[in-house]
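Chemist: Below are the structure tokens for one structure; questions will follow.
There are 2 protein chains.
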Amino acid sequence: MRLSRYFLPTLKDTPREAEIVSHRLMLRAGMMQQASAGIYSWLPLGFRVLKKIEQIVRDEQDAAGWQEVLMPTIQSADLWRESGRYDDYGKEMLRIKDRHDRDMLYGPTNEELITDIFRTHVRSYRELPGRLYHIQWKFRDEVRPRFGVMRGREFLMKDAYSFDVDFAAAKRAYNRQFVAYLRTFDRMGLKAIPMAADSGPIGGDMSHEFIILAETGESEVFCHKDWLSADAVPADVDYEADLQPVVDACLARYAATDEKHDPATCPVAEADLVRTRGIEVGHIFYFGTKYSDPMGARVAGSDGKEVTVHMGSYGVGVSRLVGGIIEASHDDAGIVWPEPVAPFKVGLVNLKVGDVACDSTAEALYAGFVNAGIEVLMDDREERPGPKLANMDLIGLPWQVVVGPRGIANGVVEVKNRKTGEREEMTPEAAMNRLAG
Amino acid sequence: MRLSRYFLPTLKDTPREAEIVSHRLMLRAGMMQQASAGIYSWLPLGFRVLKKIEQIVRDEQDAAGWQEVLMPTIQSADLWRESGRYDDYGKEMLRIKDRHDRDMLYGPTNEELITDIFRTHVRSYRELPGRLYHIQWKFRDEVRPRFGVMRGREFLMKDAYSFDVDFAAAKRAYNRQFVAYLRTFDRMGLKAIPMAADSGPIGGDMSHEFIILAETGESEVFCHKDWLSADAVPADVDYEADLQPVVDACLARYAATDEKHDPATCPVAEADLVRTRGIEVGHIFYFGTKYSDPMGARVAGSDGKEVTVHMGSYGVGVSRLVGGIIEASHDDAGIVWPEPVAPFKVGLVNLKVGDVACDSTAEALYAGFVNAGIEVLMDDREERPGPKLANMDLIGLPWQVVVGPRGIANGVVEVKNRKTGEREEMTPEAAMNRLAG
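First to last, the sequence lines map onto chains S and H. Sequential numbering from 17 applies to the first sequence in our numbering. Sequential numbering from 17 applies to the second sequence in our numbering.
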């Protein structure tokens, strides 16, 4: 993509309304724009990141054995009356009346609707397990939306659901999602740590939040220092195998949110304990028959008797992750995208547009990257070198290739790693080979 | 995918509420399910088709030079008051009050919001043309939603917008979309014909509906018989070139909706005139300064004077197309998917699950297709042959490979083309080569 033609409205000044770094940087980098309070339009650069995150989430849900569906955003209130949540859910639920005065709502989550789909079609334990997910916009009418996409009102969420014949089977589904979450965040270049969460009235230990570490994170967290060097689960994990040992090994390393951490009972020696901050980006949850019971989601068991199915739900905040990744990965100059979610891999800067040698080298590199299938954004604008380089740092592409008249006179361009700041001069051919590798 | 594990709730009986064939077949094929009146959940098979259509639309918008953004579903009423449409839009607009009693709405279209994005960032003619699109759910509160996804309340639409400095430039944008639409529908295996549409108070000939031919279509259309054999625009069309000749050549062939067709003035001889039915799947529209004027979307022109930008909008009904394609392509046995939008390319039927020879051949073919990157759905359920074959016809995958004990005894399987009905016996290896080619 040529920046001269790209709709990338970067801002020089920091917008006053942005309280946290990810919100500031997303606005400054021209990634998004507020449409109304807590509701955003995704501009081309931000949209690319959102789609990359969504695709990683999708790939790993598919790999774990879930099937993608798509439920609508607008739901009938009747289903929520069946589960009892229509009255319980407070003012965060956006309630709507249609033209026939029927009570509708903008879904904040989908347990009711997915349970309705399940009970309509599934009759026998032989059709289990049921494993469905979707990636859809949700709405929660926050009283005071802020922090940009980290706490917006309209947000994109992946929510998966499981239906099983008993607790043991439900636990297998839970473990699959547990492992899928480790892989999902690892693939995005994030250190995500599962921490026990309140599981509500059901009890048990079947509820975990996945929290990424970020010094600017929203809440304080504690973990054993082994977590910082721990490998995520292997890429070739077999989802058909018993995953309990993988989950147990993971949970054996201490990690706790501020709410759960008690210095008096913490099993980790002070010297081994890391105190930092984090951001919740996922939450997995087993809730038994909480919805299936009132909504009548039952199947015939192997003995012919009716069984109420055991359910779980598994959420990832897809749009929230865009902000979360920036919180976890930025510096004073701007965003530092992990390569798997970067909007483009390479930022190609022509420092002197109009100079024949610079233009021809930049154009040749651009064509080379495009032909090699490498996503490249070329700054071909007539603009001074300083703002061009600052702009490239701001938007945070993993690699910069800088073409300038002094280098070209010596037959070289500069390749910069945005994360480490390392710069290296090399021939255009060597730059091509380095980044196409 | 193995059908034994796939959530594909096909129905034997035709649901009573479905009045048209696409609605009946989508329900029977387990593609979707009504959530509430005019609002549907997409089940795995339907979701795959929806995504394929979306991706073709996206590819062709990108190729034509548009950039993808994503605007939210919920909009502030204030913007619509600026354009004057808040009061004009009738009861089809879903109006919402948030917890702070602010007037919001579920966007039925996005001219106001995109104009707001444009005016916030663009100041100079040098930043034009502006070419943005998004693919997002819309809501129109139809008084009597029916016909399934053909006339739903919540529906997925691609809407593109153009911003240009004058009429001549706006016309170039219009022509690009005109050509992109021809290519988009052609890639889906559809015959789509542009027909002049009412352009409202602005007048001129810059509004066309794209209508696909289907005997079960919603409206009567007339066209010259040359349309039936006409090629769409070539795949290597150069969007940077002058597209007016391509557009003119296309419009030189007569085609008109019932509304526009007048036998008294029709230039086509009766013998050359085709009278059939059609379904609107796209609409492109130039509307000048209708929104940019009241909303103040102006740029500095080349002479420094302020210019109000000329706009156009270009819609494709993405979810509507799922139904539209079925209306255009089905038979008594079920759906007949054009290959580019088929949920799977191959339906592999093991007629006798449990038979060692059948199982091993079917499994080997399945592994072969998966390894070759061919999307395959294998019916590995324990079920009688008749219902299995009927089910495969119903869901309409382009190719069926049938593995049965009689064929296997002779070393062959049967390959069936769903559209032509042609069947051919061949070795499993030959079947593999035929379909992987």
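Heads up, the beta-carbon is just placed ideally off N, CA and C, and yes, glycines get one too.
1) Since P210/H is in the beta strand (DSSP E), which residue starts that stretch and which ends it?
2) Taking a contact to mean a Cβ-Cβ separation below 7 Å, would you say L410/H touches G363/H in this structure?
3) Considering only residues of the same chain and omitting the five flanking positions on each side of A185/S, which have a CB-CB separation below 8 Å?
4) When you compare the CB of V338/H with every CB in chain S, is at least one pair closer than 7 Å?
5) Does T305/S come out as helix, strand or coil in the three-state DSSP assignment?
6) Just confirm the distance between the C-beta atoms of S20/H and D396/H, as a whole number of angstroms; I'd bet it's less than 8 Å.
7) Strictly below 7 Å CB to CB, what residues from chain S border H137/H?
8) My output table needs one value for N126/H: the three-state DSSP class, helix, strand or coil.
9) Which residues share a DSSP beta bridge with H415/S?
10) By a C-beta neighbour count over all protein chains shown, 10 Å radius and 16 as the cutoff for buried, is Y255/S buried or exposed?
11) With a threshold of 7 Å between beta-carbons, can I36/H be considered close to chain S, or not?
12) Could you spell out where the alpha helix (DSSP H) holding S178/H opens and where it closes?
13) Terminal residues of the continuous alpha helix (DSSP H) containing F201/H?
14) Less than 7 Å between the C-beta atoms of I14/H and F163/H, yes or no?
15) Please classify L86/S: does DSSP put it in a helix, a strand, or coil?
16) Return the residue from the list V419/H, E343/H and N407/H that minimises the CA-CA distance to G205/H.
17) Measuring CA to CA, which of I69/S, V429/S, S178/S and A93/S is closest to G81/S?
18) What residues from chain B crowd round V334/S, counting only those whose CB sits closer than 9 Å?
19) Would you say K107/S faces chain H, with C-beta separation under 7 Å as the test?
20) Anything in chain H within Cβ reach of L86/S, meaning under 8 Å, just list it in chain order.
21) Can you look up H277/H in the DSSP assignment and give me helix, strand or coil?
22) With three or more C-beta pairs closer than 8 Å as the rule, is the region 333-352 of chain H touching the region 400-416 of chain H?
23) Comparing C-alpha positions only, which one of P210/H, L244/H, D278/H and G294/H sits nearest to E236/H?
24) State whether the region 302-312 of chain H contacts the region 259-268 of chain H, with contact taken as three or more CB pairs (one from each stretch) at a distance under 8 Å.
25) Could you tell me which of T26/H, L367/H and A388/H sits nearest to A378/H, measuring between CA atoms?
26) How many angstroms separate the CA atom of L66/H from the CA atom of Y122/H?
27) With the cut-off set at 7 Å, would you say E170/H and P88/S are in Cβ contact?
28) So what does Y149/S bridge to, in DSSP terms?
29) Helix, strand or coil for W96/S? Go by DSSP, reduced to three states.
30) Does any residue of chain H have a CB that is nearer than 7 Å to the CB of D119/S?
31) T89/S CB to nearest chain H CB: under 7 Å?
32) Pick helix, strand or coil for T377/H, following the three-state DSSP scheme.
33) Roughly how many whole angstroms lie between the Cα atoms of D132/H and G328/H?
34) List, in chain order, every chain S residue whose beta-carbon is nearer than 7 Å to that of R115/H.
35) Closest by CA to H346/H, which one among P401/H, K435/H, G453/H and C282/H?
36) Give me the chain H residues within the contact set of A51/S, using Cβ-Cβ distance strictly less than 9 Å, ordered along the chain.
Modeler: Taking the geometry as given:
1) Here residue 210/H refers to the residue found at position 194 when the second sequence is read from its first residue. Residues A208 to A212.
2) What you label residue 410/H is simply residue 394 of the second sequence in a count that begins at 1. What you label residue 363/H is simply residue 347 of the second sequence in a count that begins at 1. For L410/H and G363/H, no; Cβs fall outside 7 Å.
3) Reading the first sequence from its first residue, position 169 is the one you call residue 185/S. Here the set comprises L144, P145 and H326.
4) Residue numbering aside, residue 338/H sits at position 322 when the second sequence is read from its first letter. Output row for V338/H: interface = no.
5) On the first sequence, residue 305/S is found 289 positions in, with the first residue counted as 1. DSSP places T305/S in coil when its eight states are reduced to three.
6) As a working note, residue 20/H is residue 4 in the second sequence. As a working note, residue 396/H is residue 380 in the second sequence. Right, their Cβ atoms sit about 5 Å apart.
7) As a position in the second sequence, residue 137/H is number 121, starting the count at 1. Chain S residues near H137/H: P25.
8) Within the second sequence, residue 126/H is the residue found at index 110, counting from 1. In this structure, N126/H counts as coil in the three-state DSSP scheme.
9) In the first sequence, the residue the question calls residue 415/S occupies position 399. Residue identity check: residue 415/S is Trp in the sequence provided, not His. The partner list for W415/S (beta bridge, DSSP) reads V362/S and N433/S.
10) The residue labelled residue 255/S in the question sits at position 239 within the first sequence. Y255/S is exposed by the Cβ-count criterion.
11) Taking the second sequence and counting its residues from 1, the one referred to as residue 36/H is at position 20. Chain S contact via Cβ: absent.
12) Residue 178/H sits at position 162 when you count from the first residue of the second sequence. Not the alpha helix (DSSP H): S178/H falls in the beta strand (DSSP E), residues E170 to D180.
13) On the second sequence, residue 201/H is found 185 positions in, with the first residue counted as 1. Unbroken alpha helix (DSSP H) run through F201/H: F183 to R203.
14) Outside the displayed range of chain H (17 to 453) lies residue 14/H, so it cannot be described from this structure.
15) As a first step, residue 86/S must be located in the first sequence, where it is residue number 70. DSSP places L86/S in strand when its eight states are reduced to three.
16) To locate residue 205/H, count along the second sequence from 1; it is residue 189. Answer by Cα proximity: E343/H.
17) Against the first sequence, residue 81/S aligns to sequence position 65. Taking only the C-alpha atoms, the option nearest G81/S is S178/S.
18) Looking for chain B here will not work: the only protein chains present are S and H.
19) Within the first sequence, residue 107/S is the residue found at index 91, counting from 1. Yes, K107/S lies at the interface with chain H (some Cβ there is under 7 Å from its Cβ).
20) Numbered from its first residue, the first sequence carries residue 86/S at position 70. Near L86/S (Cβ distances below 8 Å), the residues of chain H are S57, W58, F63 and L66.
21) Taking the second sequence and counting its residues from 1, one reaches residue 277/H at position 261. H277/H: coil per DSSP, three-state reduction.
22) yes
23) Locating residue 236/H in the second sequence gives position 220, counting from the first residue. Taking only the C-alpha atoms, the option nearest E236/H is G294/H.
24) no
25) Residue 378/H sits at position 362 when you count from the first residue of the second sequence. The shortest C-alpha separation from A378/H is found at L367/H.
26) In the second sequence, counting from the first residue as 1, residue 66/H sits at position 50. In the second sequence, counting from the first residue as 1, residue 122/H sits at position 106. Looking at the two C-alpha atoms, the distance is approximately 21 Å.
27) In the second sequence, residue 170/H corresponds to position 154, counting from 1. In the first sequence, residue 88/S corresponds to position 72, counting from 1. It is a contact, given that the beta carbons lie within the stated cut-off.
28) Within the first sequence, numbered from 1, the residue matching residue 149/S stands at position 133. Paired residues: E84/S and A176/S.
29) As a first step, residue 96/S is located in the first sequence; it is residue number 80 there, counting from the start. W96/S falls in the helix class under three-state DSSP.
30) On the first sequence, position 103 is the one that residue 119/S refers to. Judged by the 7 Å Cβ criterion, D119/S is not in contact with chain H.
31) Taking the first residue of the first sequence as position 1, residue 89/S is located at position 73. Yes, because at least one Cβ of chain H sits closer than 7 Å to the Cβ of T89/S.
32) The residue labelled residue 377/H in the question sits at position 361 within the second sequence. Here T377/H sits in helix by DSSP.
33) Against the second sequence, residue 132/H aligns to sequence position 116. Against the second sequence, residue 328/H aligns to sequence position 312. So the two alpha carbons sit approximately 15 Å from each other.
34) Residue mapping note: residue 115/H aligns to position 99 of the second sequence, counting from 1. Ordered by position in chain S, the residues that pass the 7 Å Cβ test against R115/H are K107, D157 and V159.
35) By 1-based counting over the second sequence, the position of residue 346/H is 330. Comparing Cα-Cα distances from H346/H to each of P401/H, K435/H, G453/H and C282/H, the minimum goes to K435/H.
36) Your numbering for residue 51/S matches position 35 in the first sequence. What A51/S touches in chain H: M87, P88, I90, Q91, S92, L95, L129, D132 and I133.
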